[in-house]
Structures are given as structure tokens and as C-alpha cells.
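> Numbering (my numbering), first residue to last: 628 to 1317.
Sharing a structure here in C-alpha cells format.
As C-alpha cells, then:
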């Protein structure tokens, strides 16, 4: 009887042709329909008619306004039928001689309440399927056949109430998507010269100029070209404090412009925006299933026939139709079916509020089993905002010439060292040359022709591999610095030293992971031994590897995987191979980063390291809640079946307990939603305790 949503609206769901439902089956789509079914209880394919909220398995699907109308219809049925059933009791009490009127009121009430349940069961049978709905329908029909209309009405009322509760609970995914959609306005002010023209957001193209006023939400991802403002990014990053933005800063669809009038250049539109990718990730997570749910799905088809056989045996042995009715009501395992989905929806919602986006709920479950973490250094454990601290030219080369050559060669790179060099060159007012035949070797360096002469900027080992002779120098000069060498025409011109700052929350993050039982924390970096050793000692890292190329990071992770469940944490750009190599890949600061969102299992929209232990804690808490739900649900179902067979429970109590068990499961799962509320990014704020 558990029902799931049918995510049909293309804008709401971000669905594409060939999307897979949570029961593991592909759905047939026609172009541009984007209909994706979600039915967690049953193991069969779905074919959908366009713009209809009906799933052939007999379960109603929620799409657009159809789901809301159907839910309101059920509430109407429940209220009308419930009033008629209550009226029958009042007539018996107030007018004892009017038994016929009381019976008719009870009959109509039972019929109205049972109609939605019986229709659903008939749809199942028409499609040649027998599921849990039939248990309830047969129980109601048996009560009607025995002329016990009041009992039939009470049973139908509580079970219809359960269906309404389940439907609204299952719509958590749809509601979260709808809330995200509300963040983006439908129209935008496109600039044509100095004139503002209001257009639909769907008409915007990359490169268009738009204007956003204070208090409005940004309609697309864009870059500020004029003005300054403070932006609330909590909808995506979970940050509690607004962020100052100026010319050159990126803003993201769905975030709020608080204080200033800004002109922007559109950089991404539609599903390519950060908000669009976030919506897709939420859908992926809430449409995926845990191993427990897959086991339930596998055996669900056998459950109803077994219960029906038990009901026949009970009737044959006792001849008591009341026991049979009670058995079929109590045997409908809504509590078991809802045990995992409700907890998953709550956990995914809590994670999304914190800016933690999980692609698949199996990754959420895996996070509870992690025993080792491998961190990248630059941009993960450190701020990643390198600054040049020393220019060391050789011979007659001037510091300005060394910086000019390095800045010219690095002008097309986004690596932190390249950004630091370009920033210093801009501050010095140097005119950079054009870089031709630019190539970047990840984790090693860059090569380019500057003014027709081949130039290399990178690490000493890579320079030697490229045939450049790198002179030895006193290592004490570069103690605690990251160093890159600069060569022109095969001759080394000098080296440039950089320093990075440790993230303030990094020590607390490592301590929190230790308290959560993580036994091993390691660090891999392409930086020099002295730099890596300094960071590792400050954080009390168990093991580190320095001067590590991307393939070396992968090899290091693979070795740890032999003895532990390992998560790899990186920036999602240079660390994509290592992120993919770990049991769990966690991309830091993924806001606006396509590579980060696509390469990792989990994407953190902010660089706050406190999200990592919170993810582990949330995972373990959700696993505990799921186990509690399953244990309670199974005890309720199988205990109730025993009581019903021996005649120790009435049909009415079975219906009441059925609805009550469903509510207990939902409320228990809802506790997960509040996890992480205390986590803020306020400077000097208290660290979370686990």
C-alpha cells in the first residue's frame, strides 16, 4: 500500500529520456515527456501515458497538480466517509429504534471510504499483479459481506488515512524540488544598451547581460560586471552568513541578492546551472535505493500470496471471519515498507540543508562504515589561496622578468600557483606576453611559447624529465614553501616560492573524525616534503605522501582500500582520479564546479570541513533510525499476525494500530531532519559535538 511519487514535470524533476526509477527498471519515454516513475515496493516496469498521474501497478502517481488534487480527493473521501460512520454510531445511541438508518449510514460510509482502496486493488488485478493492496481490499470486502458495516468503515477509514500519510511522506522528493524551483524567478531583466527588457528566463543565452535589483533572486549563473552586493547563498551552500560579491565574482541561480544593484553576464542557463545540477543530485539520491529496500522489493511479490494462504488456513481451522479480517489488515506491512524511504528522505533533506549533496543513498549508507580518510592538501586542508612569498632569479635575470615570463606562461591555467603568479603580476603592473601552444600537465607544470621561445613552469622533477638541467640550491631557503621553477629556451631562470594557510576548522575536523571512530587519516599532495611534513604535524595526520602525481595518489588510495573503507576528499578538479578511486569521493567547494559535481559521490557546496564529520554522523544516525524502524515494523506486523490468528485482536484495533505504526515510523524518521542545525560558518562559532 506504500505509494511513491511519479516525477513527471521536466522542469521540476530534471528528468531525461531513459531515466531509471527507484525499483531499478527503465521507463519508456517519448521525446520531451520526461516521465519517470518511482515505485519502491514493486518489481515491475512502468509505462506512462502523457500527463496522467496513473501508474499501471495500481498506485497513483503524483505529477504537476494531479497529485495535489488526488490527495485532496482522498481527504474528502476520508472526511465524508468518516462522518457517515460516526453518524451510524450516533443514530444507534440517540435513536435505538432506527437501526435501519444507522446501518445505511454505516454502509454508505464504508463504501465511500473503501472505494479508493478497492479501485487501486482492481487496477493491480487488471494488470495481472497481486500486491499488498489486495490484502486490505479483501479484508474490507469480507467485513461488508458479513454485514459488519461499521467495522468495515472504521478499517477503511484508518487505512485510507494511512495511504494519505504515506503519499504526503513520499512526496518529500517532489516538495524539495519544488522548493528549489521557487528560488529561481521566471523572468529576468535583460540589458539592451542602457534599456531593461523583461524576458523569460528560458530566453536567456550565455553572454547576455542582465540586471538584478536588491531583494531579488538570481535567475541564472552569472558573473558580476558592474556593482557590488551581499549575496545569501544558504539555499545551495548551507552557509549561515551572506557573502560579499564584487566585479568578477560569480553568482549562482537561486541565491539572493541582498543589498546592491548589479549587472551581470550570463555564464550558465537551464539545467547547466549549479541549482539545476543540485536538483538532479537530489532526484538521484531520493530515487535510489538502499540494499535493505532492494531485498524487500525482491520478496514483496511472494508476501501477499503467503498471507492469503495463512488467512485461508485460519478460516478453515477456526471458521472465524473476524480473525481473517484482522489478519489481512494487520499483515499489510506499511510500517516495514516505509521504514527505509522515510529515513532516507529525512537524511537527504538534512544533508541538502547543510550544502551536502549525495548522489545515491547507498553512498549515505557507505559513509557510516568509513574507517579511513585520505585528504588532498591544497584547497582542502589548506585555503588553497597561495600567495607568492619569494622570487629567486638566477644570474642576471631580474625578479620582474622572472615574474613576467611565469605569468605569461601561466595565464591560461586555473591552478592555485598560476592564480597567485597572475595576481602578483597584475599588482606589479607587468605587461604579460601572449602564450602560444599552451599545454598543462596535471600536477606537474605548464609549457608554452612566449614570444616564440619555449618556456616551462613547474616542479623540479618534471623539469628534469623534460630535459632541463635544474641547479641545486640550499634547501633551507625553501623551507616550508611550495616551489616552482621557471625556464626559457631550456635554461632555468629561477624559482618562485609560495605559501598556503591551514583552514581554521581543519584540526577540529580531524578531532571529530577520531571521536567518530575513524582510525586512519592520511594526506597526499604534490607539494614538497617539507611543506607536507609541516601540515601533517600540525593536524596529527597518521601518514602523508609528498610530491605525489595524480597516478601516485590513486595508487596510495588503492593500497589503503585493501585494509579499510576509505573516503577521498579533494577539490574535484585536480583530484578527480583519486576521488573516483576511493570507496567514497567527497568533492570540496563544489558550488559552480561541473567537474566536482560529476566526479564525486558526495559534493560539498562549501569549503567548511566540518561538513565531513557531520556527513559521517548523519550517516550513522540514519542507519540507526532505519534499523529501529525495520525492527519496530517487523515486530508490529508479525506480532500482530500472531495475535490475529489466535483471536486476541479485533479488526478495528488492527486498523488503529496499523495507522499508529505508520505514524511512529514517520515521526522517528523525521528526527533526522534536525541534525546539523547547530552547524554554522560563523567566525569563532562552536564546533559540533558528536
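Cβ coordinates follow ideal geometry from the N, Cα and C atoms, glycine included.
At the level of alpha carbons, what is the spacing between residue 962 and residue 830?
47 Å
> What does a CB cutoff of less than 6 Å around residue 1192 pick up in its chain, not counting 5 residues either side in sequence?
996, 997, 998 and 1210
> Nearest by alpha-carbon distance to residue 1043: which of 1013, 1069, 1032 and 1070 is it?
1013
> Over the uninterrupted alpha helix (DSSP H) stretch that includes residue 1243, give me the two end residues.
1238-1272
> CB residue 1239 to CB residue 1300, shorter than 8 Å?
no
> Starting from the C-beta of residue 1057, find all residues in its chain whose C-beta is less than 7 Å away, skip the five residues before and the five after it, and write them out in chain order.
1027, 1030, 1031 and 1034
> Assign residue 1178 to one of three DSSP states: helix, strand, or coil.
For residue 1178, the secondary structure class from DSSP, reduced to helix, strand or coil, is helix.
> What are the partner residues of residue 1075, as DSSP defines its beta bridges?
Note: residue 1075 sits in a beta bridge opposite 1082.
> Within 10 angstroms of its Cβ, does residue 753 collect 16 or more other Cβ (buried), or is it exposed?
exposed
> Can you tell me whether residue 966 is helix, strand or coil according to DSSP?
helix
> Roughly how many angstroms lie between the CA atoms of residue 1267 and residue 1286, to the nearest whole one?
13 Å
> Specify, as a first and last residue, the run of the alpha helix (DSSP H) that residue 1150 falls within.
Taken as a continuous stretch (DSSP letters only), residue 1150 belongs to no alpha helix (DSSP H), being part of the beta strand (DSSP E) at 1147-1151.
> Secondary structure at residue 1309, three-state DSSP: helix, strand or coil?
Note that residue 1309 has pLDDT 42, beneath the 50 cutoff, so the model's placement of it is unreliable and the number below is only indicative. Note: residue 1309 maps to coil in three-state DSSP.
> Which residue wins for smallest C-alpha separation from residue 873, given the options 1019, 887 and 883?
887
> Mind checking whether residue 957 and residue 1276 have CB atoms under 8 Å apart?
yes
> Using 8 Å as the threshold, is the segment 1091-1108 in touch with the segment 1150-1162, meaning 3 or more CB pairs across them?
yes
> Looking only at its own chain, which residues have a Cβ that is under 6 Å from the Cβ of residue 1257, when we skip the five neighbours before and after it?
In chain order, 966 place their CB closer than 6 Å to the CB of residue 1257, counting only its own chain and leaving out the 5 sequence neighbours on each side.
> Considering only residues of the same chain and omitting the five flanking positions on each side of residue 1129, which have a CB-CB separation below 7 Å?
1008, 1009, 1162 and 1165
> Would residue 1234 be called buried (16 or more neighbouring beta carbons within 10 Å of its own) or exposed?
buried
> Can you name the start and end residues of the beta strand (DSSP E) that residue 894 belongs to?
889-895
> Buried or exposed: residue 1133, going by 16 or more other Cβ atoms within 10 Å of its Cβ?
With 16 or more Cβ atoms within 10 Å of its Cβ, residue 1133 is classed as buried.
> DSSP three-state label for residue 900, please.
coil
> State the beta-bridge partners of residue 1110 as determined by DSSP.
1124
> So the candidates are 1140, 1125 and 1096; which of them puts its Cα closest to the Cα of residue 1119?
1096
> By the three-class DSSP mapping on this structure, what secondary structure does residue 832 have?
Residue state for residue 832 is assigned as coil, using DSSP reduced to three classes.
> Can you tell me where the beta strand (DSSP E) with residue 1143 in it begins and where it stops?
Looking at the DSSP string, residue 1143 is not in any beta strand (DSSP E), and its letter there is neither H nor E.
> Leaving out five residues on either side along the sequence, give the residues of the same chain with a beta carbon under 8 Å from the beta carbon of residue 1297.
Here residue 1297 has 969 and 973 as same chain residues with Cβ atoms under 8 Å from its own Cβ, once five neighbours each way along the sequence are excluded.
> Taking the straight line between their C-alpha atoms, what separation do you get for residue 763 and residue 1252?
27 Å
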